[in-house]
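Here is the structure we will look at, set down as structure tokens.
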Amino acid sequence: MFALFNRNCELVGWIEPDEHIFDTDMNWVAYLSGGHGWSAATGNWLGPVDGLLCLDRSGRPVAWNPEERVEGTARPGRPSRAARAARPGRPARPARPSRPSRPATPAGGWSSETFSDWIGK
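In the numbering used here, the protein residues as written are 27 to 147.
Structure, rendered in structure tokens:
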């Protein structure tokens, strides 16, 4: 389980690579399939997820982990809807990570969406 931070280096959630995303209260908020994030609540496409980097539908970073390079992409094509994932058990809350250094602003900038906006689609 890896911590996810917003552009201001605030902890916003946790990611289990290629599987799930949880908020800071360990509520399941998204599932991952085919390199993309999907809303646990609605099944709607959130945007690409490249390793530990969550991008919006425009290809701009929303949430990141210091182990992943923070960079945007060209606007991605909309993928076919992924099969809905089964709700995982609630994981134990990991220890609070230390605050990372602020990364350089990615080319194209950060997403205008907050993490809460992104997962609420």
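Note that the Cβ used here is the ideal one computed from N, Cα and C, for glycine as well.
Treat the numbers as computed from the prediction; the structure is a model and nothing was measured.
- In this structure, the CA atom of ALA67 is about 31 Å from the CA atom of THR131.
- Shown here for PRO43: same chain residues with a beta carbon closer than 8 Å to its own, the five before and five after excluded, namely PHE28, LEU58, GLY77, LEU78 in chain order.
- At the C-beta level, GLY85 and GLY103 stay beyond 8 Å of one another.
- For ASP49, the uninterrupted beta strand (DSSP E) segment begins and ends at 46–49.
- If the five residues before and after PRO87 are omitted, its C-beta is found closer than 8 Å to the C-beta atoms of ARG33, LEU79, CYS80, LEU81, VAL96, GLU97, GLY98, PRO132, TRP136, SER137, all from its own chain and listed in chain order.
- Counting every other CB atom within 10 Å of its CB across the protein chains shown gives ARG83 a total of 16 or more, marking it as buried.
- Around the beta carbon of GLU139, 16 or more other beta carbons lie within 10 angstroms, which makes this residue buried.
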